[in-house]
Structure formats: structure tokens, C-alpha cells
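Visitor: Structure below; questions to follow.
2 protein chains.
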Amino acid sequence: MKISDIQKLVASYPRVPLTVDCVVFGFDENALKVLLIESDISVFEGKWTLLGDFVQDNETLDAAAHRIFRERTGMSDIYLEQVRAFSDPVRHPGGRVITMAYCSLVNIRHHTLRKLDNSLHWHTVHEVTDMAFDHQEIVQVCYTWLQRRIQEHPLGINLLPDKFSLRELQNLYEAILDVRLDRRNFRKKFFSMDFLIDTGEYEDDVPHRPGRLYKFDFDKFEKKKRKWIGIDFA
Amino acid sequence: MKISDIQKLVASYPRVPLTVDCVVFGFDENALKVLLIESDISVFEGKWTLLGDFVQDNETLDAAAHRIFRERTGMSDIYLEQVRAFSDPVRHPGGRVITMAYCSLVNIRHHTLRKLDNSLHWHTVHEVTDMAFDHQEIVQVCYTWLQRRIQEHPLGINLLPDKFSLRELQNLYEAILDVRLDRRNFRKKFFSMDFLIDTGEYEDDVPHRPGRLYKFDFDKFEKKKRKWIGIDFA
DNA sequence: ACAAAAGTGTTAGATCTACACCCATGT
DNA sequence: ACATGGGTGTAGATCTAACACTTTTGT
Numbered sequence: 001m002k003i004s005d006i007q008k009l010v011a012s013y014p015r016v017p018l019t020v021d022c023v024v025f026g027f028d029e030n031a032l033k034v035l036l037i038e039s040d041i042s043v044f045e046g047k048w049t050l051l052g053d054f055v056q057d058n059e060t061l062d063a064a065a066h067r068i069f070r071e072r073t074g075m076s077d078i079y080l081e082q083v084r085a086f087s088d089p090v091r092h093p094g095g096r097v098i099t100m101a102y103c104s105l106v107n108i109r110h111h112t113l114r115k116l117d118n119s120l121h122w123h124t125v126h127e128v129t130d131m132a133f134d135h136q137e138i139v140q141v142c143y144t145w146l147q148r149r150i151q152e153h154p155l156g157i158n159l160l161p162d163k164f165s166l167r168e169l170q171n172l173y174e175a176i177l178d179v180r181l182d183r184r185n186f187r188k189k190f191f192s193m194d195f196l197i198d199t200g201e202y203e204d205d206v207p208h209r210p211g212r213l214y215k216f217d218f219d220k221f222e223k224k225k226r227k228w229i230g231i232d233f234a
Numbered sequence: 001m002k003i004s005d006i007q008k009l010v011a012s013y014p015r016v017p018l019t020v021d022c023v024v025f026g027f028d029e030n031a032l033k034v035l036l037i038e039s040d041i042s043v044f045e046g047k048w049t050l051l052g053d054f055v056q057d058n059e060t061l062d063a064a065a066h067r068i069f070r071e072r073t074g075m076s077d078i079y080l081e082q083v084r085a086f087s088d089p090v091r092h093p094g095g096r097v098i099t100m101a102y103c104s105l106v107n108i109r110h111h112t113l114r115k116l117d118n119s120l121h122w123h124t125v126h127e128v129t130d131m132a133f134d135h136q137e138i139v140q141v142c143y144t145w146l147q148r149r150i151q152e153h154p155l156g157i158n159l160l161p162d163k164f165s166l167r168e169l170q171n172l173y174e175a176i177l178d179v180r181l182d183r184r185n186f187r188k189k190f191f192s193m194d195f196l197i198d199t200g201e202y203e204d205d206v207p208h209r210p211g212r213l214y215k216f217d218f219d220k221f222e223k224k225k226r227k228w229i230g231i232d233f234a
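If you're matching them up, the sequences are chains C and R in order.
What the first sequence shows, in the UniProt record's numbering, is residues 1 to 234, in sequence order.
What the second sequence shows, in the UniProt record's numbering, is residues 1 to 234, in sequence order.
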């Protein structure tokens, strides 16, 4: 028996409240930060939450994530990527709410130029605690996701200014991966990938020899279709 | 102003119909297959769809995926992983429906031992066409996801019998990645990772010298916490 | 005996790692 | 002049890629 009134079928099924939560990472003073807002819910008084909101009827999840980010921070044109859904039936005290976590990376300097809701604050990722809902877990999952992701994709560059020195880039990787890397090997690695564009400019206002400033050639990166055959489970 | 009646707040927000679709991969005759069912919806007469269903009120998405898989195939205890959500507001002719895609890997031989709904069929991934909804895109995204994932995680082993020869394993990788690999190097690679357990048994019913059969040591794999520092964008 | 795939080592090239000194700038 | 980080090269170890022959089984 075929189903002909599909509208009716869809209408008959359970619907769930669906939210998007943005885990917004920034990089400042050589530490990875996450942007949080004070909870406006009584039961979570004094706790911090991610930037989130319910999904509207006529928008994609990506669009919802961009909208939420824009509404809360005034910024647009930022890097956002879906990470995963959190769907424990009792994760939200108001009842069943499923949320899709998005990871976002912004340059913290651009960000602070904007007028912001003053309940927004940057928190060092390693020191975040006292979060509402399951947001602690969401931050942790996104952080782990980011650690993997920056090793195979240059998304981390979004945390830096347009023009950046190799020192800044290395500090970024060291902070996120929580390792110490050899400076010469790090440079060789990035130069050999051949995605850095030398701007010819130099750092300014540094109390030592200024470093060269580079941009990242995202177009070139996108064009190089990567076959990447290299099985390795370790 | 704090929000105190959080139940009421949640109740006031839009709800969306949410489904889970399982992309079930199998491996047979050296080709990657995907398990599809004939659509029971009039507008998609003659088209194929993934195994999907609406999410119930009190289950996680993972639980929904397992339930759907069990209901349709009779199997449990299978490998399932969340891939990503598809949320185009017009992806479903019955109205706004968001779906979460899950990738599942099963051994096609175990599978066919069960009595199955006879509208279920295995299709060669490269030849799938004429699918309902956006399921073609979902299959494509999951296939691409799988190609990456099997290079860093041994989930592909779930497509093989418990005991398998290295030839079978190599055929699997060659089929999924669509490349040709050197046999000796492939063996060296897997032996050096040291996750294969030699069962001491051999293939049977092959018209040539039988190969040794191995099991994969998933416990050992899980224990080896992988640091995996190796930046590489290419 | 033949067909078919199993099993096995070596070498050259590429990549990775570890490591130390001089240079340019601000104070 | 000195303190600070910028910039550079090399050698040894490791990993990767390319390559051919003998062995075992079924027919």
C-alpha cells in the first residue's frame, strides 16, 4: 500500500525542539578561548552557556548557526562547521531538546571591535567549568574535534589575523594540540605545503626583530584535490 | 530578567520533524554495496530510499538509528556512526523534515542469513541512481566520509567476516578507496600496526593456495591512545 | 602440469627528527 | 651592548614506493 498523502504522514509524526549551539573559539595570549554567555535561565543562575537558539521553520541548520552567531556578536562571514548532535532526552531541564553543535573560529581582535552584549565573555578552554546543560561536554567534543581537524585542514588560520607571522601560527598549533613543536621543522612543513603567501610586510610593535607576515592561500588549497591515501590507525 | 518557567519556554519554540536515515554499507564481490528499500510513497514510486524513520520522543539519535536498523533488518550489535544532518527546508515533499545520516557497516553474509523484507536490496554504490528525497546526496556524503574514515580507523573491518584473509582486507580498501595498492606494502603496513591476530586457520574452498585468516584486535586498538601529531593539508 | 593466488626482502627516494648559530630590531 | 625572537641547514633515522620470485593448493 502506497502512501499518497505525504503531508499528512509527516504531520502525524513526533516533532522535537531543535537548537543549534555554536562553540566559538578564539585565540588570544597564546591560549585557545571559547566565547560564552551567562545563562538567562533561573536553574542555571551563575552558569555559562554556548551561543544557541532554536531552529526556525524555514532555515537550514547552517543558516541557523550563522543567524545565531550574527545576532549574538554582530559578525558575519565567519567559519562554521557542523560537528555533531547531542540528543540525550534529559539533557535539557525544559524537556526534550536536541541540539546540533557547530564549531566556529574567529579572530578575537576583529571580534572585540564590535559592541557586544556585555554578558559575553571569552574563557580559556582549559579552565572552563560551571556550564549549563551538557555544554561542558559539547565544548570538550568540539575541542577534540578541532585538534584533529586542524591537522588536516587549515581552518585554524581563521583564528589569526589576515596577515600573520609564522611564530603566531606555530603558537596556535602548539596551544591547540598542547604540544611543543620544533620551530625549523614547523616552518619547513608549512613552506613545503606551499600555501603561504609572503606579503612582503613585517610585524610591527614587537620588541625584537620583526617577523615576515603571510596570508594563507585558501583558493590554492581548495584546488589541490587531495587523494590522501595513507592508512594509519595509530 | 531571568527565565524561570523553562518548560513553558521550550514549549513555545518551533518543533521540527526529525528523522534518522541509515546508510548501510556492505561488501560483496569486491564491490561496496548499499542497502536500500523501495519507497512506499506515491510521489517516489519506483525510487529507492535509505532505511529511515522518525525519531521518537524519548530516544537518543544513536538509539533511533539502532532501532531503525533492527526493525528493518533484524540485526543488532552493528557498527553505526553519526555522519551529519541534512536540513534543506524543502528536501522532503511532505514538508520540513530534518534528517540525521548514520553510516553503518555490516557483513553482507551475516545479513542475508536473516529473513528480510523483500523490498530490501543491495545496490552497488557506484551504480546507485533514482533515489527518493536527497538520498543520493546522503549516500555520496557518507561514501566520501567512509573513504576518509577507513584510513584512520579500522571500522571497515566490520564489512568483513570475523576471520578474514589479507587479500580480502586489501580488496576492501582498494574497492572503497578506488585505488590499487601494492600487496607487499599493504601487508607490511598492517602487520607493523600489530592489530591483526593470527587465528592459525586458513581459507577453505578456494581454487588456489589458501590464505591465513586473521581477526582484528579492536581492544588493543582502543587502548593505543593515538597522539597523531602530523600536520598535513595535502 | 598448470593455473591462481599466497607469501616474502631489498633498495632508492622521500620525509621526519633533532639540533645550534648568526641576524635584525627595540630598549 | 644586550635581550629577544627571526631566520636558516644538515645528518641520521624512519617511512614509503617500487619491484620478482618461490610456494602451496585445486583442477
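Virtual Cβ for every residue (Gly too), placed ideally from N, Cα, C.
Residue ranges of each beta strand (DSSP E) run of no fewer than 3 residues wholly in the UniProt domain "NrtR DNA-binding winged helix" (156-216) of chain R, ordered along the chain?
Guide: Listed in chain order, they are 196-202, 212-216.
Visitor: Taking only beta-carbon positions, decide if residue 107 (chain R) is within less than 9 Å of chain C.
Guide: Position 107 of the second sequence, counting from 1, holds the residue named residue 107 (chain R). Not one chain C Cβ lies under 9 Å of residue 107 (chain R).
Visitor: I think residue 199 (chain R) touches residue 163 (chain R), with their Cβ atoms under 8 Å apart; what is that distance to the nearest whole Å?
Guide: Position 199 of the second sequence holds residue 199 (chain R). Position 163 of the second sequence holds residue 163 (chain R). Yes, residue 199 (chain R) and residue 163 (chain R) are in contact; Cβ-Cβ is about 5 Å, under 8 Å.
Visitor: Buried or exposed: residue 183 (chain C), going by 16 or more other Cβ atoms within 10 Å of its Cβ?
Guide: Here residue 183 (chain C) is taken as the residue at index 183 of the first sequence, counted from 1. Residue 183 (chain C) should be labelled exposed.
Visitor: Comparing alpha-carbon positions, which option in C:20, C:13, C:29 lies nearest residue 171 (chain C)?
Guide: Position 171 of the first sequence, counted from the start, is the residue given in the question as residue 171 (chain C). The option with the nearest alpha carbon to residue 171 (chain C) is C:29.
Visitor: Could you tell me which chain C residues have their CB closer than 9 Å to the CB of residue 131 (chain R), listed as they occur along the chain?
Guide: As a first step, residue 131 (chain R) is located in the second sequence; it is residue number 131 there, counting from the start. Under the 9 Å cutoff, chain C gives no residues; its nearest Cβ is about 16 Å from residue 131 (chain R).
Visitor: Would you kindly report the start and end of the unbroken alpha helix (DSSP H) that includes residue 11 (chain C)?
Guide: Translated into the one-based positions of the first sequence, residue 11 (chain C) becomes position 11. 6-11 is the extent of the alpha helix (DSSP H) around residue 11 (chain C).
Visitor: Quick check on residue 136 (chain R) - is its C-beta less than 9 Å from some C-beta in chain C?
Guide: Taking the second sequence and counting its residues from 1, the one referred to as residue 136 (chain R) is at position 136. With 9 Å as the cut-off, residue 136 (chain R) does not count as an interface residue toward chain C.
Visitor: Hey, residue 218 (chain R) and residue 150 (chain R): beta-carbon distance below 9 Å or not?
Guide: Start at 1 with the first residue of the second sequence, and residue 218 (chain R) comes out as number 218. Start at 1 with the first residue of the second sequence, and residue 150 (chain R) comes out as number 150. Taking 9 Å as the Cβ cut-off, residue 218 (chain R) and residue 150 (chain R) do not qualify as a contacting pair.
Visitor: Could one say the Cβ of residue 166 (chain R) lies closer than 9 Å to chain C's Cβ atoms, at least one of them?
Guide: Translated into positions along the second sequence, residue 166 (chain R) becomes position 166. With 9 Å as the cut-off, residue 166 (chain R) does not count as an interface residue toward chain C.
Visitor: Step through the CB atoms of chain R and report whether any lies within less than 9 Å of the CB of residue 84 (chain C).
Guide: Position 84 of the first sequence, counted from the first residue, corresponds to residue 84 (chain C). Chain R contact via Cβ: present.
Visitor: Please classify residue 39 (chain R) as buried or exposed, where buried requires at least 16 other C-beta atoms within 10 Å of its C-beta.
Guide: On the second sequence, position 39 is the one that residue 39 (chain R) refers to. Burial call: buried.
Visitor: Going by alpha carbons, who is nearest to residue 24 (chain R) out of R:179, R:9, R:132, R:65?
Guide: By one-based count along the second sequence, residue 24 (chain R) stands at place 24. When each option's Cα is compared against that of residue 24 (chain R), the closest is R:65.
Visitor: What is the DSSP secondary structure of residue 3 (chain R), counted as helix, strand or coil?
Guide: By 1-based counting over the second sequence, the position of residue 3 (chain R) is 3. Residue 3 (chain R): strand per DSSP, three-state reduction.
Visitor: Going along the region 146-173 of chain C in order, which residues come within less than 8 Å of chain R, judged by CB to CB distance?
Guide: Result list: 148, 150, 151, 152, 153, 154, 173.
Visitor: Go to residue 27 (chain R), then tell me how far its beta strand (DSSP E) extends in each direction, as first and last residue.
Guide: Along the second sequence, one-based indexing puts residue 27 (chain R) at 27. Unbroken beta strand (DSSP E) run through residue 27 (chain R): 15-28.
Visitor: List, in chain order, every chain R residue whose beta-carbon is nearer than 8 Å to that of residue 58 (chain C).
Guide: The sequence position of residue 58 (chain C) within the first sequence is 58, counting from 1. The contacting residues are 89, 96.
Visitor: By a C-beta neighbour count over all protein chains shown, 10 Å radius and 16 as the cutoff for buried, is residue 191 (chain C) buried or exposed?
Guide: Here the question's residue 191 (chain C) lines up with position 191 in the first sequence. Exposed is the call here.
Visitor: Rounded to the nearest angstrom, how far is the Cβ of residue 20 (chain R) from that of residue 102 (chain R), given a contact under 8 Å?
Guide: Start at 1 with the first residue of the second sequence, and residue 20 (chain R) comes out as number 20. Start at 1 with the first residue of the second sequence, and residue 102 (chain R) comes out as number 102. Confirmed, Cβ separation roughly 6 Å.
Visitor: Which two residues bound the contiguous beta strand (DSSP E) that contains residue 117 (chain R)?
Guide: Counted from its first residue, the second sequence places residue 117 (chain R) at position 117. Run containing residue 117 (chain R): none; DSSP gives neither H nor E here.
Visitor: Rounded to whole angstroms, how far is the Cβ of residue 55 (chain R) from the Cβ of residue 18 (chain R), which I believe are closer than 8 Å?
Guide: Counting from 1 along the second sequence, the entry for residue 55 (chain R) is found at position 55. Counting from 1 along the second sequence, the entry for residue 18 (chain R) is found at position 18. The pair is a contact, with the Cβ atoms about 5 Å apart (cut-off 8 Å).
Visitor: Just the Cα atoms here: how many angstroms apart are residue 176 (chain R) and residue 229 (chain C)?
Guide: Residue mapping note: residue 176 (chain R) aligns to position 176 of the second sequence, counting from 1. Residue mapping note: residue 229 (chain C) aligns to position 229 of the first sequence, counting from 1. Using only the alpha carbons, I get a separation of about 11 Å.
Visitor: Please determine, among C:31, C:51, C:107, the residue with the shortest C-alpha to C-alpha distance to residue 179 (chain C).
Guide: Position 179 of the first sequence, counted from the first residue, corresponds to residue 179 (chain C). Ranking the options by Cα distance to residue 179 (chain C), first place goes to C:31.
Visitor: Is there a Cβ from chain R that is less than 9 Å from the Cβ of residue 21 (chain C)?
Guide: The residue you call residue 21 (chain C) lines up with position 21 of the first sequence. No, residue 21 (chain C) lies away from the interface with chain R (no Cβ there is under 9 Å from its Cβ).
Visitor: Since residue 233 (chain C) meets chain R, which of its residues come closer than 9 Å, beta carbon to beta carbon?
Guide: For the purposes of this step, residue 233 (chain C) is taken as residue 233 along the first sequence, with counting starting at 1. Those are 151, 152, 153, 154, 193, 195, 221, 224, 226, listed as they occur along chain R.
Visitor: Here's the rule: buried if 16 or more other CB atoms are within 10 angstroms of the residue's CB, otherwise exposed. What is residue 58 (chain C)?
Guide: What you label residue 58 (chain C) is simply residue 58 of the first sequence in a count that begins at 1. Burial call: exposed.
Visitor: Which of the three DSSP states, helix, strand or coil, is assigned to residue 124 (chain R)?
Guide: Position 124 of the second sequence, counting from 1, holds the residue named residue 124 (chain R). Three-state result, residue 124 (chain R): strand.
Visitor: Just curious, the beta strand (DSSP E) that residue 98 (chain R) is in, first and last residue?
Guide: Residue mapping note: residue 98 (chain R) aligns to position 98 of the second sequence, counting from 1. Residues 98-105.
Visitor: Anyone know if the C-beta pair for residue 26 (chain R) and residue 107 (chain R) falls short of 9 Å?
Guide: To locate residue 26 (chain R), count along the second sequence from 1; it is residue 26. To locate residue 107 (chain R), count along the second sequence from 1; it is residue 107. In contact: residue 26 (chain R) and residue 107 (chain R) (Cβ atoms closer than 9 Å).
Visitor: Helix, strand or coil for residue 84 (chain C) per DSSP?
Guide: In the first sequence, residue 84 (chain C) corresponds to position 84, counting from 1. Three-state result, residue 84 (chain C): strand.
Visitor: Ignore the nearest five residues each way along the sequence and tell me which others in residue 50 (chain R)'s own chain have a CB closer than 7 Å to its CB.
Guide: Numbered from 1 along the second sequence, position 50 holds the residue referred to as residue 50 (chain R). Counting only Cβ-Cβ distances below 7 Å, and skipping sequence neighbours, we find 21, 22, 23, 36, 135, 138.
Visitor: Among R:88, R:8, R:209, R:83, whose alpha-carbon lies nearest the alpha-carbon of residue 144 (chain R)?
Guide: On the second sequence, position 144 is the one that residue 144 (chain R) refers to. Among R:88, R:8, R:209, R:83, the Cα nearest to that of residue 144 (chain R) is on R:83.
Visitor: Could you name the residues of chain R that residue 92 (chain C) contacts, counting a contact when the two beta carbons are closer than 9 Å?
Guide: Stepping through the first sequence from its first residue, residue 92 (chain C) is reached at position 92. Chain R residues near residue 92 (chain C): 6, 10.
Visitor: Starting from residue 15 (chain C), find everything on chain R with Cβ-Cβ shorter than 8 Å and list it in chain order.
Guide: The count along the first sequence starts at 1 and reaches residue 15 (chain C) at position 15. Within 8 Å Cβ-Cβ: 15, 16, 17, 18.
Visitor: Where do the N-terminal and C-terminal ends of the alpha helix (DSSP H) with residue 134 (chain R) fall, by residue?
Guide: Within the second sequence, the letter at position 134 stands for residue 134 (chain R). Unbroken run through residue 134 (chain R): none, as it is neither H nor E.
Visitor: Considering residue 37 (chain C), what are the terminal residues of the beta strand (DSSP E) in which it resides?
Guide: Along the first sequence, one-based indexing puts residue 37 (chain C) at 37. Unbroken beta strand (DSSP E) run through residue 37 (chain C): 31-38.
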